[in-house]
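Heads up: the sequence lines are chains A and B, in that order. Once you know that position 119 of the first sequence is 118 in numbering that gives the first Met the number 0, the rest is easy, because the numbers rise by one and skip nothing. Once you know that position 49 of the second sequence is 48 in numbering that gives the first Met the number 0, the rest is easy, because the numbers rise by one and skip nothing. By construction, the Cβ of each residue, glycine as well, lies at the ideal position given by its N, Cα and C atoms. Take a look at the structure below.
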Amino acid sequence: MINDNKLVEECLTGNKKSFEEIVERYYKTIFRLSYRLTRDYDNAEEITQSTFVKAYENLSSFNSKYKFFSWLYRIAVNQAINFTKREKNNEKIDERFSTDEENPDKIYDKVELKKKVREALMQLDLLYRLPVVLKHFFDYSYKELSYILDIPEKTVKSRLFTGRQILKEILIKNRV
Amino acid sequence: MENIDKHYIELINKEIDHIITPAEKTKLHNYLSDNKTAKEYYDALIMTNNYVDSLPDQEPSENLKKQIINSIDFSRYSAKPQKQHFWNLLFRPKFRLAYAFAIGLFLGIIFYAILVDNSNTININDVYGTIGINNEATTVDELPLKFSDITGKIDVKSVDKNFWFNLDLNSINKFDVFISYPEHVKFENIRLGQAKDIEISKGQNFIKTTNSGSQKYSLLFSQNGTGTTTLHIQIQQAGTVLYEHNISL
């Protein structure tokens with residue numbers, strides 16, 4: 000498998016297929032990130048699309064000493080932040096989710112729980128939601144988070160710990 | 000949270016992030032076992048994170064990838080076709096060998112001209128001339144020769160900035176005459192008198208003639224600058240130096 004940096008080099012020489020390969024590798028992950036940050040399917044697709052457009056436009060500025068996917072996620076995070084600022088109502092919950100095949104009562108409980116957790120997550124300020132989502136769903140290290148969010152590592156920890164704390168309080172308040 | 004030491008809040012988060020060391024873990028759980036509030040806080044935070052971790056992923060629509068590709072302007076980094084095509088054509092693999100050969104040939108010619116050419120045999124017809132010799136010339140030196148099978152003499156005469164060697168030589172076997180000279184001296188010409196089958200070659204600041212039988216000829220030089228000019232004449236036969244002499248002008 001060709002590494003990301005090599006693909007970027009090929010893109011810069013006009014190789015369209017190389018960028019298609021990059022999209023193939025990361026579009027689902029960028030979508031999942033965008034969805035977790037916005038909780039809206041259409042918005043998440045829009046953010047994903049604009050992330051790759053922005054990435055392509057700025058490919059020549061990519062510094063190969065950093066991991067490509069970290070750089071891509073950084074763009075996605077910024078796109079999500081910009082989108083959220085434009086869309087003032089960021090508490091819209093999307094009902095499209097799958098459930099396990101179990102008895103109706105159990106399914107309902109699980110669904111309710113997940114709904115409450117999602118709602119709680121969306122009630123978090125983006126400042127805290129970002130590190131929580133990136134840490135929990137993408138398992139980035141503090142150092143990688145520091146690069147993606149463009150904040151010091153110490154600030155990453157502070158926001159992450161505080162975000163978890165606030166989330167806990169919201170869930171308790173919502174009787175989860 | 001006000002009853003919980005900040006250090007232990009950090010340890011709790013480190014445990015959630017799976018980066019806690021065994022020693023730190025022991026320290027944390029010892030603390031939790033003695034602090035009920037901290038233990039409740041710990042349990043609630045662990046549960047919160049388990050709920051968050053349990054949220055399923057969402058998958059994008061099947062069209063999203065195509066949508067993304069269609070929205071990108073790929074002309075941004077596309078190569079300039081004509082220029083690239085020309086250069087690609089010029090440097091195609093099969094041409095590179097030809098270029099390498101041409102470069103090698105060129106360098107070989109340069110090398111040959113600089114190093115090899117200096118010891119080339121001069122075509123006597125290229126240097127033969129009809130420069131007249133002034134009768135008011137000064138005799139610089141006269142060298143009688145009699146050794147081995149070689150007999151004869153060499154006169155050195157000069158006028159103004161020109162000087163010449165008159166060689167009158169006889170031998171049965173071949174021998175070589177070397178005349179070496181400094182940088183400011185230039186070999187001008189050979190005047191054949193009664194010489195035949197003479198070989199002459201020019202090197203870096205020297206002239207060599209190969210002689211056998213009866214030979215009579217003159218070697219003409221000119222010089223720049225002032226001051227004393229010293230030349231060196233040497234006669235060799237079969238690789239052995241038979242005679243050598245310095246001439247000062």
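Buried or exposed by the 16-neighbour rule on C-beta atoms within 10 Å, applied to residue i
i	result
residue 2 of chain A	exposed
residue 149 of chain B	buried
residue 38 of chain A	buried
residue 148 of chain A	buried
residue 64 of chain B	buried
residue 60 of chain B	exposed
residue 130 of chain A	buried
residue 35 of chain A	buried
residue 98 of chain B	exposed
residue 208 of chain B	buried
residue 135 of chain A	buried
residue 269 of chain B	For chain B, the structure presents residues 0 to 248; residue 269 of chain B sits outside this window and is missing.
residue 105 of chain B	exposed
residue 0 of chain A	exposed
residue 101 of chain B	exposed
residue 234 of chain B	buried
residue 8 of chain B	buried
residue 252 of chain B	Here chain B covers residues 0 to 248 and nothing more, so residue 252 of chain B does not appear.
residue 162 of chain A	buried
residue 141 of chain B	exposed
residue 167 of chain A	buried
residue 82 of chain A	buried
residue 47 of chain A	buried
CB contact check: residue i to chain B, cutoff 8 Å
i	result
residue 97 of chain A	Confidence in residue 97 of chain A is poor, its pLDDT being 40 and thus under 50, which makes the residue's placement unreliable; the coordinate value appears in the next sentence. Closer than 8 Å to some Cβ of chain B, the Cβ of residue 97 of chain A qualifies, so yes.
residue 52 of chain A	yes
residue 12 of chain A	yes
residue 67 of chain A	no
residue 7 of chain A	no
residue 78 of chain A	no
residue 30 of chain A	yes
residue 170 of chain A	yes
residue 86 of chain A	no
residue 36 of chain A	no
residue 129 of chain A	no
residue 71 of chain A	no
residue 83 of chain A	no
residue 15 of chain A	yes
residue 134 of chain A	yes
residue 55 of chain A	yes
residue 143 of chain A	no
residue 23 of chain A	yes
residue 20 of chain A	no
residue 139 of chain A	no
residue 64 of chain A	no
Cβ of residue i within 8 Å of any chain A Cβ
i	result
residue 95 of chain B	no
residue 81 of chain B	Any answer about residue 81 of chain B is weak, because its pLDDT of 49 lies below 50 and its placement is not dependable; what the coordinates show is given next. False, the Cβ-Cβ gap to chain A never drops below 8 Å.
residue 56 of chain B	yes
residue 24 of chain B	no
residue 21 of chain B	no
residue 60 of chain B	yes
residue 2 of chain B	no
residue 27 of chain B	no
Supposed contact pair residue j and residue i - C-beta distance, whole angstroms, cut 8 Å
i	j	result
residue 72 of chain A	residue 125 of chain A	The pair is not a contact, with the Cβ atoms about 15 Å apart (cut-off 8 Å).
residue 210 of chain B	residue 231 of chain B	Going by Cβ atoms, the distance from residue 210 of chain B to residue 231 of chain B rounds to 18 Å, so no, they are not a contact pair.
residue 180 of chain A	residue 75 of chain A	Any question about residue 180 of chain A goes unanswered here, given that chain A covers just 0 to 175.
residue 15 of chain B	residue 48 of chain B	5 Å
residue 127 of chain A	residue 165 of chain A	6 Å
residue 178 of chain B	residue 165 of chain B	Actually they are not in contact, since the Cβ atoms of residue 178 of chain B and residue 165 of chain B sit about 12 Å apart, beyond 8 Å.
residue 25 of chain A	residue 61 of chain A	The pair is not a contact, with the Cβ atoms about 14 Å apart (cut-off 8 Å).
residue 139 of chain B	residue 174 of chain B	Actually they do not touch by this definition, with Cβ atoms about 23 Å apart.
residue 137 of chain B	residue 160 of chain B	That belief does not hold up - the Cβ atoms of residue 137 of chain B and residue 160 of chain B are roughly 12 Å apart, past 8 Å.
residue 31 of chain B	residue 37 of chain B	5 Å
residue 172 of chain B	residue 236 of chain B	6 Å
Any non-hydrogen atom of the ligand GTP within 7 Å of residue i CB
i	result
residue 120 of chain A	With respect to the ligand GTP, the structure shown offers nothing to examine, as it has no ligands at all.
Subject >> Interface residues of the region 108 to 127 of chain A facing chain B [CB-CB below 8 Å] >> reply: 112, 113, 116, 117, 120
Original post:
According to a CB-to-CB cut-off of less than 9 Å, which residues of the region 64 to 77 of chain B neighbour chain A?
Top reply: 64, 66, 67, 68, 70, 71, 72, 73, 74, 75, 76, 77
Original post:
Between the region 37 to 52 of chain B and chain A, which residues of the former have a C-beta closer than 7 Å to a C-beta of the latter?
Top reply: 43, 44, 47, 48, 50, 51, 52
**OP:** Can you give me, in chain order, the residues of the region 147 to 163 of chain A that have a beta carbon less than 9 Å from any beta carbon in chain B?
**Re:** 156, 159, 160, 163
**OP:** Anything in the region 197 to 229 of chain B with a Cβ closer than 9 Å to a Cβ of chain A? List those residues in chain order, please.
**Re:** none
Subject >> Selection of the region 7 to 20 of chain B by Cβ proximity to chain A, strictly under 8 Å >> reply: 8, 9, 12, 15, 16
Original post:
What are the uninterrupted segments assigned as alpha helix (DSSP H) that are 4 or more residues long and contained completely in the region 11 to 57 of chain A, given in chain order?
Top reply: 15 to 37, 40 to 56
Subject >> beta strand (DSSP E) segments (min. 3 residues) lying fully within the region 175 to 224 of chain B >> reply: 184 to 191, 198 to 202, 205 to 222
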